[in-house]
Amino acid sequence: MEMMVAVVILGIMIAAALPSYRGWSENTQIRTAAESVLSGLQLARAEAARRNTNVSFAVNGNNWSVNVQATGAASDAFYTPAATVQSRNGTEGTRHALITATQNAITFNGSGRVTPTPAASSVFAVTNPTGGACATSANLSGMRCLNVVVEPGGKIWMCDPALNGSGNPQACAP
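Numbers given in the working numbering equal positions in the sequence shown, counted from 1, plus 55.
Next up, the structure:
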């Protein structure tokens with residue numbers, strides 16, 4: 056009898072915690088995908104500076120890759136063929152996350168700056184449609200969608216578009 060009471064109480068506690076766990080799990084997929092994009096962009100910028108050549112970060116759906124661009128002609132003594140430094144399959148740990156980019160490929164030069172210089176910052180928005188709508192500044196109860204922003208000068212940062220910029224370092228807008 057006492058064991059049945061304990062099992063019932065445990066079942067009630069699990070049932071109460073399940074919705075919170077699901078929301079946490081969906082938000083974790085967003086953060087994991089955003090951090091993956093952030094690290095891929097940082098790798099591309101670092102490789103460009105290390106190799107002193109153009110390196111691109113390209114997004115195709117939820118997959119991304121960091122590629123060294125070919126330099127010179129194939130007949131040149133200093134020819135360097137194009138090569139993939141790293142790539143990531145979008146289903147690795149983030150099967151429900153969705154990456155939407157304002158620019159599908161970004162190239163960094165040997166100085167770590169974006170080339171050609173874009174007119175505005177590039178944004179990689181990471182959402183989770185299966186988890187629900189993104190939170191907004193008016194309603195913070197939705198999914199905590201994240202943006203990864205690349206400024207023309209090469210600065211790369213992750214932010215929360217739902218937060219107001221009034222002194223909050225996690226906000227996208229100043």
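Heads up, the beta-carbon is just placed ideally off N, CA and C, and yes, glycines get one too.
The beta strand (DSSP E) with M213 in it runs from where to where? I211 to C214 is the span of the beta strand (DSSP E), which, as asked, contains M213.
Thinking C-beta only, is V181 closer than 7 Å to A152? Cβ atoms of A152 and V181: closer than 7 Å.
DSSP three-state call for L195: helix, strand or coil? It is coil, neither helix nor strand.
Once the 5 residues before and after T149 are set aside, which same chain residues still bring their CB inside 6 Å of it? So the list reads Q84, T87 and A88, once near-sequence residues are dropped.
State buried or exposed for M68, treating a residue as buried only when at least 16 other CB atoms are found within 10 Å of its CB. Classification of M68: exposed, given that the 10 Å Cβ count is below 16.
Under a Cβ-count criterion, where at least 16 other Cβ atoms within 10 Å of its own Cβ denotes burial, should I64 be classed as buried or exposed? Residue environment for I64: exposed (fewer than 16 other C-beta atoms within 10 angstroms of its C-beta).
Check the C-beta distance from A125 over to G167 and give it rounded, since I have them as a contact under 8 Å. Contact flag wrong, Cβ pair sits at about 20 Å.
Just to confirm, is the Cβ distance from A156 to S111 under 7 Å? At a Cβ-Cβ threshold of 7 Å, A156 and S111 do not count as neighbours.
In angstroms with no decimal places, state the Cα-to-Cα distance between T108 and V114. Using only the alpha carbons, I get a separation of about 20 Å.
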